[in-house]
Amino acid sequence: MEVWRVVDELVCTRRVPEMGSASLRILKGQKGDISVATDPVGAPPGKWVFTAAGTAARMAMPDRTVATDLAICGIIDGWEEEA
Amino acid sequence: MKIMRVRTTLVSTNRIDAMGHRPLLVVQETPNGPRSVAVDAVGCIPGDWVICVGSSAARDAAGAKDYPSDLTIVGIIDHWNPEAS
């Protein structure tokens with residue numbers, strides 16, 4: 003699982019029905035890469051989180067039929083960024 | 108499978124129910140490389156060299172086919188010399 007920082011919420015009203023009403027977050031990785039993840043936890047911007055990718059992302063959602071390949075699994079209590 | 112080294116334990120109080128109370132560890136493939144989070148299915152400590160599985164094997168190894176893990180520690184390496192490889 004990868005470690006990310008939540009940058010912001012992402013609003014996307016027009017979407018495929020397969021995505022349901024899952025809330026979305028913009029995440030920034032340790033190398034500065036940006037990705038979008040579904041968020042079953044409710045992580046606020048600024049928090050460090052870890053995610054499951056691939057099929058495991060669907061398992062992380064309350065509804066496993068949601069079409070996602072990256073889902074937040076939990077908020078990390080303490081994380082120190084390395085230089 | 109990948110050979111990785113355990114750095115520290117990871118505390119995450121606010122996590123999804125599907126993850127249960129499985130221990131999570133911060134692992135690293137190279138000393139200065141990016142840090143990943145792995146589910147610990149064996150019980151290892153910081154400093155251990157371990158083997159990790161990914162994709163659907165990670166879900167099986169974590170205990171259930173529907174467990175939301177994409178990286179699970181499946182074994183502790185008895186002797187490992189990182190310089191030799």
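First to last, the protein sequences are chains B and P. Sequential numbering from 3 applies to the first sequence in our numbering. Sequential numbering from 108 applies to the second sequence in our numbering. Built from N, CA and C at the ideal position, the CB exists for glycine as well. Given the structure is predicted, the values throughout are model-derived calculations rather than measurements.
Check	Outcome
Using the C-alpha atoms, what's the distance from B/Lys30 back to B/Pro47?	11 Å
Give me, in chain order, the residues of the same chain whose beta-carbon lies closer than 8 Å to that of P/Ile152; leave out the 5 immediate sequence neighbours on both sides.	Val113
Please report the straight-line C-alpha distance between P/Ile80 and P/His128, rounded to a whole angstrom.	Since the first residue of chain P shown is 108 and the last is 192, residue 80 of chain P is not available in this structure.
Would you say B/Asp65 lies against chain P (beta-carbon separation less than 9 Å)?	no
Are B/Glu4 and P/Val160 closer than 9 Å when you measure CB to CB?	no
From the DSSP secondary-structure annotation, give me the bridge partner or partners of P/Arg142.	P/Gln135
Would you grab the beta carbon distance between P/Ile123 and B/Ala59 for me? Rounded to a whole angstrom, and I think it's under 8 Å.	11 Å between Cβ atoms; not a contact.
Just by C-beta distance, which residues in the stretch 110-135 of chain P are closer than 7 Å to chain B?	Leu117, Val118, Ser119, Thr120, Asn121, Arg122, Ile123, Ala125, Met126
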